[in-house]
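Take the sequence shown: its letters are residues 24 to 120, numbered as in the working numbering.
Beta carbons are placed, not taken as given, at the ideal position from N, Cα and C, and that holds for glycine.
Beneath this line is the structure, given in structure tokens, with notes to follow.
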Amino acid sequence: MYKRQVFSPEEEIDLLNILQKKTQVLDSAYNQIILFIAIRTLYDLEVVEEDNILDWWTQGDESLEVRGLTAKFITWLKEADEEESSDDDDDEEEESE
Numbered sequence: 024m025y026k027r028q029v030f031s032p033e034e035e036i037d038l039l040n041i042l043q044k045k046t047q048v049l050d051s052a053y054n055q056i057i058l059f060i061a062i063r064t065l066y067d068l069e070v071v072e073e074d075n076i077l078d079w080w081t082q083g084d085e086s087l088e089v090r091g092l093t094a095k096f097i098t099w100l101k102e103a104d105e106e107e108s109s110d111d112d113d114d115e116e117e118e119s120e
């Protein structure tokens with residue numbers, strides 16, 4: 024549904040900001056899980072790219088309570104990206120030998 028309406032990195036970040044604003048006003052018992060599931064789903068369906076999620080995260084207010092569960096997902100994304108970079112470096116070293 025959103026894939027047809029979200030084209031640029033800026034639009035992807037705008038979508039994440041809208042989701043964050045909408046979930047902030049929900050009951051605190053549910054808002055963190057709803058934001059987490061929404062962002063994880065958009066990532067899994069390749070509607071929003073990893074780099075844009077990370078950019079959104081660094082541009083926003085990390086102290087917002089609604090971001091609690093999403094912080095764990097962001098940590099996972101960063102660690103996966105670092106591991107991928109490390110694997111790429113290892114492959115390049117093997118090719119040059």
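Could you give the C-beta distance for residue i and residue j, rounded to a whole number, given that I count them as a contact under 8 angstroms?
| i | j | result |
| --- | --- | --- |
| L42 | A61 | 5 angstroms |
| G83 | Q55 | With a Cβ gap of about 14 angstroms, G83 and Q55 do not count as contacting. |
When burial is assigned at 16 or more other CB atoms within 10 Å of the CB, is residue i buried or exposed?
| i | result |
| --- | --- |
| T81 | exposed |
| T64 | exposed |
| M24 | Because M24 carries a pLDDT of 49, less than 50, the predicted location of this residue cannot be relied on, and the following value inherits that uncertainty. Its Cβ having fewer than 16 others within 10 Å, M24 is exposed. |
| T93 | buried |
| V48 | exposed |
Of all the options the options, which has the alpha carbon lying nearest to the alpha carbon of residue i?
| i | options | result |
| --- | --- | --- |
| S122 | N40, Q47, N75 | Residue 122 cannot be examined here, being either before or after the span of the chain that is shown, 24 to 120. |
| E33 | V71, D67, A52 | V71 |
Within this structure, are the beta carbons of residue i and residue j separated by less than 8 angstroms?
| i | j | result |
| --- | --- | --- |
| T46 | I36 | no |
| W7 | N40 | The chain is shown only over 24 to 120; residue 7 falls outside these bounds and no answer can be derived. |
| S51 | E106 | no |
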